[in-house]
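Below is one structure; the comments refer to it alone.
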Amino acid sequence: MKDKLEAVRSYGGVTVSITNCRRCGGIYNKIGRDLCPECLKEEDAAYQVVRPYLRQHPNTYMAQLTEDTGVDEDLVVEMIRDGRLILGNNPNLFYSCENCGAPTQSGKYCHVCAREMSGAFSVASEGLKQRQTGESKERRYPGYYSKH
20 MKDKLEAVRS YGGVTVSITN CRRCGGIYNK IGRDLCPECL KEEDAAYQVV RPYLRQHPNT
80 YMAQLTEDTG VDEDLVVEMI RDGRLILGNN PNLFYSCENC GAPTQSGKYC HVCAREMSGA
140 FSVASEGLKQ RQTGESKERR YPGYYSKH
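So the sequence shown is numbered by the numbering used here: it starts at 20 and just counts up by one.
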């Protein structure tokens, strides 16, 4: 596992954020995205190849896309997950859900896993709210409890 570095320093009113690139692990001055300038250039170059290809070949599959463009599948998936590529006009282009491995066309998770996680988060959130309101009621009425 790569060591992560995140440092924020202030120099004369200017804030500098130094962090690791999420792709190569190199250290860089974070300005916007979580990629160093070199990896960002690579991603932009790949985008300039993949986007026109998808427009010209709307029925392509992932294997054909990566073979014809030379762009790594992981990079294509990363661009889709980051929202740089939208597959609305590419019905045959799928990649694996991070949770279950089912095919999906957007985000990190398939529709089933996203719905399950949303439900689990709702239940957890509701339980947290109930616990917080219960604690506030206990604080509001300190004292003794009597059956009489």
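Heads up, the beta-carbon is just placed ideally off N, CA and C, and yes, glycines get one too.
Rounded C-alpha distance that separates residue i from residue j
{"i": "Ala208", "j": "Gln149", "result": "Beyond the ends of the chain as shown, which are 20 and 167, falls residue 208; an answer cannot be given."}
{"i": "Glu86", "j": "Phe113", "result": "15 angstroms"}
{"i": "Asn39", "j": "Ile50", "result": "12 angstroms"}
{"i": "Gln151", "j": "Ser141", "result": "15 angstroms"}
{"i": "Val35", "j": "Asn111", "result": "43 angstroms"}
{"i": "Asp63", "j": "Arg52", "result": "12 angstroms"}
Bridge-paired residues (DSSP) for residue i
{"i": "Ile46", "result": "Asn39"}
{"i": "Tyr114", "result": "Thr123"}
Residue from the options whose Cα sits closest to the Cα of residue i
{"i": "Asn108", "options": "Pro56, Arg52, Asn78", "result": "Asn78"}
{"i": "Leu185", "options": "Arg74, Glu135, Ala82", "result": "In this structure the chain extends from 20 to 167, so residue 185 is not present and cannot be described."}
{"i": "Glu97", "options": "Cys119, Glu61, His130, Val131", "result": "Glu61"}
{"i": "Thr65", "options": "Asn118, Gly126, Ile99, Glu135", "result": "Note that residue 65 corresponds to Ala in the displayed sequence, not to Thr. Ranking Asn118, Gly126, Ile99, Glu135 by Cα distance to Ala65 puts Ile99 first."}
Anticipated Cβ contact below 8 angstroms, residue i with residue j, distance rounded
{"i": "Arg41", "j": "Leu59", "result": "Not quite, the Cβ-Cβ distance comes to about 11 angstroms (not below 8 angstroms), so this is no contact."}
- Message: With a threshold of 8 angstroms, are at least 3 pairs of Cβ atoms found where one atom belongs to the region 90-97 and the other to the region 57-69?
- Response: yes
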